[in-house]
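Sequential numbering from 1 applies to the sequence shown in the working numbering. Reviewing the structure listed below.
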Amino acid sequence: MQLVFAQEVNNVQVIDSLDHKYKEDQYYFGVTYNTLTSMPNGMRQNGFSSGFHVGLMKDMPINKRRNVAIGIGLGYSTNSINHNLLISKAQNDTYTYAILDNSEFTKNKFVQHLVEIPLEFRWRTSTASTYKFWRIYSGIKLGYVFASNTKFKNASEQIKNNNITDFNQLQYGLTFAIGYDSWNAYLHYTLNSIFDSKAQIDDDNLDVKMLKIGIMLYIL
């Protein structure tokens, strides 16, 4: 009996030790469909616009059970948008904008590359010994556009521009993820425009935002 009791005590101590230390540091990988909102009249998307997202989250539990935490991370994101807005560079290094008909081009898109810092409030049903659990993560994400390009092609010419200065280099938005185990539905909505105030069409600012809808995988 003493041997059994001692073994049970040791097991409890091990579990307590695990419960005291465990956290959900995670790598994340995501694929999204990107759609623009608040577009000016006549502007629309065409084809499939995609995003790819990867990074690492540091988990900081804030309750004794350790199923509620704050997460902060560092990641990389690339987003491609197919659309009918022609972005042209003038000789004075400014940009002009025109809305085209789909018959006027065979390819027209812009791509942004960002370094991102996500900050999340995290709730899950995990324990120290449970690796499959429900989760709800919500938060904000701050991104810095460190590279961008546009590509336009029609029957007679191709136009390429790099590092578009009319893009807002600093972008921020709300994020939400919900799911079970590694697979999670994911939303990210930018709160500020992806263009800065210099980008105008017909004297109106291009106050265009982006909604990303997809799947996020979290891997311990």
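The beta-carbon is built from N, C-alpha and C at its ideal position, and this holds for glycine as well. On a predicted model such as this, the values are computed, not experimentally measured, just so you know.
Outcome for residue i when other beta-carbon atoms lying within 10 angstroms are tallied against a minimum of 16
i: Tyr180; result: exposed
i: Glu24; result: buried
i: Lys212; result: buried
i: Gln158; result: exposed
DSSP state of residue i mapped onto helix, strand, coil
i: Lys141; result: strand
i: Lys21; result: helix
i: Asn161; result: strand
i: Asn102; result: helix
i: Tyr69; result: At residue 69 the sequence reads Ala, which differs from the Tyr that was named. In the structure shown, Ala69 sits in a strand (DSSP, three-state: E or B).
i: Ser182; result: coil
i: Ala128; result: coil
Cutoff 8 Å; reference residue i; Cβ partners in own chain excluding five residues on either side
i: Arg44; result: His83, Asn84
i: Tyr76; result: His53, Val54, Gly55, His113, Leu114, Val115, Glu116
i: Gly30; result: Gly51, Phe52, His53, Val54, Tyr186, Gly214, Ile215, Met216, Leu217
Close beta carbons around residue i, own chain, < 6 Å, minus the five adjacent residues each side
i: Asp59; result: Lys23, Glu24, Asp25, Ala69, Gly71
i: Leu206; result: Phe195, Ala199
i: Ser50; result: Ser80
i: Thr175; result: Gly139, Lys141, His188
i: Thr78; result: Phe52, His113
Cβ neighbours of residue i in the same chain (closer than 7 Å, five flanking residues each side left out)
i: Glu104; result: Asn154
i: Tyr218; result: Gln26, Tyr28, Ser182, Asn184
i: Thr125; result: Asn67, Phe133, Trp134
Enclosing beta strand (DSSP E) for residue i [first to last residue]
i: Arg124; result: 107-124
i: Pro61; result: 50-61
i: Leu36; result: 26-37
i: Met210; result: 209-219
i: Lys89; result: 85-89
8 Å Cβ cutoff, residue i in contact with chain E
i: Val208; result: Structure shown: chain E not included; a single protein chain is present.
Kindly confirm or deny that the stretch 147-158 and the stretch 103-118 touch, where touching means at least three C-beta pairs closer than 8 Å. yes
Within 8 Å, do at least three Cβ pairs link the stretch 93-107 to the stretch 152-163? yes
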